[in-house]
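In the working numbering, the protein residues as written are 62 to 411.
So this is what it looks like as structure tokens:
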């Protein structure tokens, strides 16, 4: 895809893929080799894994948590609780901080974890208040599980809880659930659940309720499922705002370059489908915080829609037009300052 060429450094200028020995889950499984402080820190990042290991019996984790903060000591309660099914206890453990600050009780956490749609709803409710790596990881897992169950149909679909989910959570399911068969499940879920239930402006309301969480990922997933035109139609009068989401908050994101790559892909697929005045305004606003990234995107929009930019946006694009690479080629020597590039290839044997 041409948009990907613009930000090819994201995939090329990276160290070789390798197993991450510092992963909290790996550390917890090898707890006997680590200090109590390291174990406690890993448990804070992977409380679900810590509870799984505690329920199997892990003296090093028990000792580390017994000397840890009151919040982390809550995990010991989950290790001893009676849960049916047993997976409820590790799932509920991700709320250990909310239990510690008394916004959730221990019993409420267990009750939420026992009902898939209620669990997902609570995770989204907490996540929209600010970045949280733990909740992001669990939401990815849950979205994939729910969408897989929905795809199976029958009893599995009924048990997924999708029919009982509010509009905000339907949007979040598509914004988070991503795996190798994502395009197929996105398309089917979009056609059978999202579009019928969020027509008439309700899509915008749902995204607003979710505070536009992972909006760029949602828009890109729609491209890969060939639902971008249907999505713009579903957005109705809000389609201009939909396109503007591509550029909003880029500089404030944890990885502006990666988010910029998503934005470039969105511009390529959606620029001809919706008015881009709101997008241009968003790019100019982003330029105050990260002009090079906003300028490259403005130049990319100019290439996609020549002669259509407002004067201020055209001026921004002009400053970076010369730095926009040819969409058909990639100068790896310039892209990779260390002159070392890696090519990632993933094969699936179905």
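Heads up, the beta-carbon is just placed ideally off N, CA and C, and yes, glycines get one too.
Within the same chain, 126, 127 come within 8 Å of residue 134 by CB-CB distance, once the 5 residues on both sides are set aside.
A distance below 9 Å separates the beta carbons of residue 222 and residue 178.
Taking each of 252, 332, 329, 275 in turn and checking the Cα distance to residue 311, the smallest one comes out for 275. Runs of alpha helix (DSSP H) with 4 or more residues, each lying fully within the stretch 231–312, are found at 243–250, 263–270, 276–285, 289–296, 300–305, listed in chain order. Following the DSSP letters along the chain, one finds residue 320 inside the alpha helix (DSSP H) bounded by residues 317–331. For residue 145, the three-state secondary structure derived from DSSP is coil.
Of all alpha-carbon atoms in 103, 209, 218, 299, the one lying nearest the alpha-carbon of residue 129 is that of 103. Of the candidates 163, 376, 154, the residue whose Cα lies closest to the Cα of residue 173 is 154. In the DSSP annotation of this structure, residue 155 is not part of any alpha helix (DSSP H), being labelled neither H nor E.
Beyond the five residues adjoining it in sequence on each side, residue 336 comes within less than 8 Å, by CB distance, of 300, 301, 304 in the same chain, given in chain order. Beyond the five residues adjoining it in sequence on each side, residue 344 comes within less than 8 Å, by CB distance, of 308, 355, 358, 359, 362, 374, 377 in the same chain, given in chain order. Under the three-state reduction of DSSP, residue 124 is assigned to helix.
Collapsing the DSSP output to three states places residue 387 in coil. DSSP, read as helix, strand or coil, puts residue 96 in coil.
For residue 145, the number of other beta carbons within 10 angstroms of its own is below 16, and it is reported as exposed. Residue 185 holds the alpha-carbon nearest to the alpha-carbon of residue 226 among 185, 213, 215. Residue 197: member of the alpha helix (DSSP H) spanning 194–213, first to last residue.
Cβ neighbours of residue 257 within its own chain (closer than 7 Å, five residues either side excluded): none. Ranked by how close their Cα comes to the Cα of residue 138, the residues 233, 121, 168 have 168 in first place.
Within the same chain, 116 come within 8 Å of residue 147 by CB-CB distance, once the 5 residues on both sides are set aside. Each residue's CA atom was taken as its position, placing residue 369 and residue 329 some 15 Å apart. In this structure, DSSP gives residue 378 a helical state, which the three-state scheme calls helix. Residue environment: residue 316 is assigned as exposed (fewer than 16 neighbouring CB atoms within 10 Å of its CB, all protein chains considered).
CA-CA distance, residue 211 to residue 158, rounds to 31 Å. The alpha-carbon separation between residue 175 and residue 197 amounts to approximately 19 Å. As the crow flies, the alpha-carbon of residue 96 is around 29 Å from that of residue 163.
For residue 228 against residue 265, the beta-carbon gap comes to about 10 Å, at or over 8 Å, which does not count as contact. Pairing residue 91 with residue 100, the inter-Cα distance amounts to about 9 Å.
The continuous alpha helix (DSSP H) containing residue 182 extends over residues 177–188. Take the alpha-carbon of residue 321 and the one of residue 331: they are about 15 Å apart.
In this structure, residue 208 lies near residue 238, with their beta-carbon atoms less than 9 Å apart. Contact check for residue 230 and residue 182: beta-carbon distance about 6 Å, within the 8 Å limit, so the pair qualifies.
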